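**Student:** One structure follows; several queries about it will come next.
Numbering (this note's numbering), first residue to last: 686 to 1465.
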């Protein structure tokens, strides 16, 4: 079937968006004016990362910021190939990794907006995804060391769940929106008061729900958000004696808000004269305060707010109103092209900094002084805002409640930002503007006819999006694995691997395959012989190396069903319990690794996850009707299918003796699996790692192989091995050599054996595809 117009637009926009991000990244990285020069905030976040790496969340941690972005940069410093702790040096691998991850996160907004547009129809979904890919503001700020770079993709997800709530009316969507808002607030505190607005909105929103329903939903939103930010508030209360997120108000008020008002009250330029005057006045006022106030950042913050309140009493309300209107205008209309001007550190000046005796002369000087592409960006922005008005009208007519919710979010940011207005501060609103653009363009006659035809517009997307994302993940991981590698040193590391150690690895792998087969025989209740069970395990592992995972699991299930003279559904059940045992073993191994390497703060969440998994399992077995409720609460189709699958398998097999056997033989299988890594790391690699460190590497490597990427986990596994061993100081070349050797060892013999067994059994590709379809539909 010929792709629809909206799908063709989405495909072209996706390619252009990728090129824009690549060009912006290369332009920025090669420019002398990089993301860590020209803006003091950049250095603040790098210093935060350094402090976190050195001292953790000690009292010395910057009280003006929340830790989310600093934690992200610290993680990049740990994982960066050959990168030590960040020091603000342009070109460090740590900063490069941060830019790559930020661009991946930024590009994920394309998917988020596609899902948001799908709340209307598939045509709007394709248009929204395409316009998100082409959004220059998102491209620019994915390549900056600023909190916005991580904040806006998270906020787009929050908006998706909030808007979806207006369609589903489901409490789970509200809870997910509140949780994402909590995460956003831990990255950037601009949203810390938004829950108050949202709770108020939920109490008076446009709907027919009664008072108690409204109260319950508002309470749910408030409780979930509070649970996310409460640990940080408690930390500040214990260390500083103040229940507050940050003490950032001092700089914001004295350097931005008050000078913005002074522009209209006194005619002072906010960027220069106003900022200098009121920064000086605040410092003079600060000297009059008691020493305990000056020494306490949170007390200084409270004093600054009191000083600001006193200032407001002395100025005209009209000046304040003008400042807020001017700031809102800049937030909405500032062209994204100015971000490129800032990236390249080109000379520019704002409207009020432009000379002129009257408004017309000042406007002319503003337009002629600044770079032409920046002015063209302003014109394009004005055109887009006019187009988006048509989208807003369509939204009001189609979903008035959603329109009011979106208007509340826009109003909040315009109110909070006040006189401070740049394209950078508009980033949280860009998803809404993208949606309005898609809704407006969707009014074109050809696209309206397409939307009326139903789901044909998105039919091709699902077929290419999943594989494209998996290939992108594998390619990015492979690039990370080989980045900065010395080929000569890599060759030496491979050549230095001892033959005895490699042979022992192969022997332990063979023992592990037998253990896998033994567990399958036990799960089948003895209906499958040991030889056939080992063969089924080899078929599953080998085919997963060269085919999508669904086909590998389907082949294993069909092979077992034939050997055990059982139906396909029974074979799928046996494979389910094998996978379920693996999941539990991976979680338990992760818990043990965290405990052994000293990550105590992570141990409790992992322990809660393991216990919660088994508690949920027991509840589903004891009260089968809970499965229907759990399925309704799941936000994604894949999770709904998992719940149905769980409920189906729990019907008759959840007995103590059966679970005990599955647990015992899963433990044996994973013990042998871990032994492979002991031999690989200690005897083959000669690494001086203790049991806990090897277990941590094992868990990360096993998780990397389990990720849904390209067949065999090519690229992903090597990247995980390099990153895991880098944590313990192993050179990248040596880590990559071990990863490549083990991956080849796992790939070649199992794949050859799997193909031989498959040919012997007579199972063809058609039968495997049918089995993969049955895997999805068995509990639909």
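Quick reminder that beta carbons are idealized off the backbone N, C-alpha and C, glycines included.
Keep in mind the model is a prediction, meaning the values are calculated, not measured.
#1: Given a cut-off of 9 Å on the beta-carbon distance, is the pair residue 1275 and residue 1398 in contact?
#2: Once the 5 residues before and after residue 1160 are set aside, which same chain residues still bring their CB inside 7 Å of it?
#3: Can you tell me where the alpha helix (DSSP H) holding residue 951 begins and where it ends?
#4: How far does the alpha helix (DSSP H) with residue 939 in it reach, from first residue to last?
#5: Report the three-state DSSP secondary structure of residue 1021 (helix, strand or coil).
#6: Spatial neighbours of residue 1081 within its chain, please: CB distance less than 6 Å, with the 5 preceding and 5 following residues excluded, ordered by chain position.
#7: Express the C-alpha separation of residue 1430 and residue 1258 in angstroms, rounding to a whole number.
#8: Of the choices 1230, 853, 700 and 1073, whose alpha-carbon is the least far from that of residue 1086?
#9: Among 754, 841 and 1107, which one has its Cα closest to the Cα of residue 1024?
#10: If I'm right that residue 1178 touches residue 1266 with Cβ under 8 Å, what's the distance once you round it to whole angstroms?
#11: May I have the straight-line CA-CA distance separating residue 1343 from residue 1349, to the nearest angstrom?
#12: Give the C-beta separation of residue 1241 and residue 1221 to the nearest angstrom, bearing in mind that I take them to be a contact with Cβ-Cβ under 8 Å.
#13: Thinking C-alpha only, which one of 753, 948 and 1224 is nearest residue 913?
#14: Excluding sequence positions up to five away, which residues of its chain have a Cβ less than 6 Å from the Cβ of residue 967?
#15: Just to confirm the assignment, what range does the alpha helix (DSSP H) spanning residue 970 have?
#16: For residue 827, which residues of its own chain have a beta-carbon under 6 Å away from its beta-carbon, when the five flanking residues on both sides are left out?
#17: Note down the Cα distance separating residue 1204 from residue 1347, rounded to an integer number of angstroms.
#18: At what residues does the alpha helix (DSSP H) containing residue 894 begin and finish?
#19: Where does residue 1214 fall in DSSP's three states?
#20: Please report the distance separating the alpha-carbon of residue 1279 from that of residue 1078.
#21: Does DSSP classify residue 1138 as helix, strand or coil?
#22: Where do the N-terminal and C-terminal ends of the alpha helix (DSSP H) with residue 811 fall, by residue?
#23: Take the Cβ of residue 1127 as the centre, count every other Cβ of all protein chains shown within 10 Å, and call the residue buried at 16 or more, exposed below.
#24: Alpha carbon to alpha carbon, how far is residue 1268 from residue 982? Give it in angstroms, no decimals.
#25: What's the call for residue 880, buried or exposed, on a 16-neighbour Cβ count within 10 Å?
#26: Who are the near neighbours of residue 964 in its chain, counting only those whose CB is closer than 7 Å to its CB and skipping five residues on each side?
#27: Under a three-way DSSP split, which group does residue 1064 fall into?
#28: Can you check the region 819-869 for any alpha helix (DSSP H) of at least 4 residues that lies completely inside it and give the ranges in chain order?
#29: Assuming contact is defined by CB atoms lying nearer than 9 Å, are residue 1000 and residue 872 in contact in what I supplied?
#30: Can you tell me which of 1012, 1125 and 901 puts its alpha carbon nearest to the alpha carbon of residue 945?
#31: Does DSSP put residue 696 in a helix, in a strand, or in coil?
#32: Given residue 843, which residues of its chain have a CB within under 7 Å of its CB, disregarding the five upstream and five downstream residues?
#33: Using 10 angstroms around the beta-carbon of residue 1140, count the other beta-carbons present and answer buried if the total reaches 16, otherwise exposed.
#34: Measure the C-alpha to C-alpha separation of residue 1227 and residue 937 and round it to an integer number of angstroms.
#35: Would a C-beta distance cut-off of 9 Å place residue 1238 and residue 820 closer than the cut-off?
#36: Less than 8 Å between the CB atoms is what I'm expecting for residue 813 and residue 1207, so what's the real figure, rounded?
**Tutor:** The relevant details are as follows:
#1: no
#2: 1400
#3: Counting along the chain, residue 951 falls outside any alpha helix (DSSP H), and DSSP gives it neither H nor E.
#4: No alpha helix (DSSP H) holds residue 939; DSSP gives it neither H nor E.
#5: coil
#6: 1088
#7: 29 Å
#8: 853
#9: 1107
#10: That belief does not hold up - the Cβ atoms of residue 1178 and residue 1266 are roughly 35 Å apart, past 8 Å.
#11: 10 Å
#12: 5 Å
#13: 753
#14: 939
#15: 960-972
#16: 787, 788, 791 and 834
#17: 7 Å
#18: No alpha helix (DSSP H) contains residue 894, which DSSP labels as neither H nor E.
#19: coil
#20: 53 Å
#21: coil
#22: 807-818
#23: buried
#24: 46 Å
#25: buried
#26: 939 and 940
#27: helix
#28: 821-826 and 832-853
#29: no
#30: 1012
#31: helix
#32: 862, 865, 866 and 869
#33: The predicted model places residue 1140 with a pLDDT of 48, which falls under 50 and marks its position as unreliable; any figure quoted below should be read in that light. With fewer than 16 other Cβ atoms within 10 Å, it is exposed.
#34: 59 Å
#35: no
#36: 50 Å between Cβ atoms; not a contact.
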